[in-house]
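Below is one structure, written out as structure tokens; comments come after it.
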Amino acid sequence: MKTLFIMRHGQKDTSNLNVDDYDIEVTKKGLEDVKKISKVLKEKNILPDLLVASPAKRTKTTAELVAKELGYSKNIMYNEVLFQAFVNEVIESITYTFDNVDTLMIIGHNPSLTALGVTLAGLKEKILMGEVVKIEFDCNSWTSIDKSNARLIEHIKVD
58 MKTLFIMRHG QKDTSNLNVD DYDIEVTKKG LEDVKKISKV LKEKNILPDL
108 LVASPAKRTK TTAELVAKEL GYSKNIMYNE VLFQAFVNEV IESITYTFDN
158 VDTLMIIGHN PSLTALGVTL AGLKEKILMG EVVKIEFDCN SWTSIDKSNA
208 RLIEHIKVD
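Each residue of the sequence shown is one higher than the one before, starting from 58 at the first, in my numbering.
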């Protein structure tokens, strides 16, 4: 069994229109929300074998905070593909994951993350900033993940 956690970055700061999209930061509220959802994940004993994130500033900040809160002590893998990716590119990136990784968490952006949830597990609603979706796959290799063996487990939100 393979487990995928899809997380969208914390709330982004849109107050400065002169900042490049790649360099947009997380707001104070976004950081608080990431801490809250990380606490929920920790209470559920969730600790990924591998954490992969877009290297954009807001996802990098989110990933570092999640890692700290969960006690994830390994290196975070930054994957440029996750920034402005099409859903097929995200799926392809996931399939490159080594099979000794059973639990993978990716932290990225919409619309590709919501499209990933819809495509693989029939997700019915948008993944908002700071939310997490859990999908399990009935297979032993990331190369075998498919909508035919995927099951949406939960959409984790905090107020």
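Just so it is clear, CB atoms sit at the ideal spot from N, CA and C, and this is done for glycine as well.
{"Query": "Assuming PHE194 and LYS59 form a contact by the criterion Cβ under 8 Å, report the distance between their Cβ atoms to the nearest whole angstrom.", "Result": "4 Å"}
{"Query": "Can you list, in chain order, the residues of its chain whose CB lies under 7 Å from that of LYS86, leaving out five sequence neighbours each side?", "Result": "GLN68"}
{"Query": "CB TYR129 to CB LEU108, shorter than 8 Å?", "Result": "yes"}
{"Query": "Could you name the residues of the same chain whose beta carbon sits closer than 7 Å to that of THR200, not counting the 5 residues immediately before and after it, in chain order?", "Result": "THR152"}
{"Query": "How about LEU209 and LEU180: do their beta carbons lie closer than 8 Å?", "Result": "yes"}
{"Query": "Check for me: the beta strand (DSSP E) holding GLY165 runs from which residue to which?", "Result": "160-165"}
{"Query": "Roughly how many angstroms separate the alpha carbons of ASN136 and ILE164, rounded to a whole number?", "Result": "10 Å"}
{"Query": "Measure the CB-CB distance between PRO105 and PHE62 and report whether it falls below 8 Å.", "Result": "yes"}
{"Query": "CA-CA distance, GLU126 and ASP159?", "Result": "20 Å"}
{"Query": "Please classify ILE213: does DSSP put it in a helix, a strand, or coil?", "Result": "strand"}
{"Query": "If I measure Cβ to Cβ from ASN167 and keep anything under 8 Å in the same chain, skipping five residues before and after, which residues do I get?", "Result": "ARG65, LYS183 and ILE184"}
{"Query": "Could you give the DSSP three-state label for ALA142: helix, strand or coil?", "Result": "coil"}
{"Query": "In the DSSP assignment, the alpha helix (DSSP H) including LYS86 goes from what residue to what residue?", "Result": "85-100"}
{"Query": "State yes or no: is the C-beta of ALA110 within less than 8 Å of the C-beta of VAL144?", "Result": "no"}
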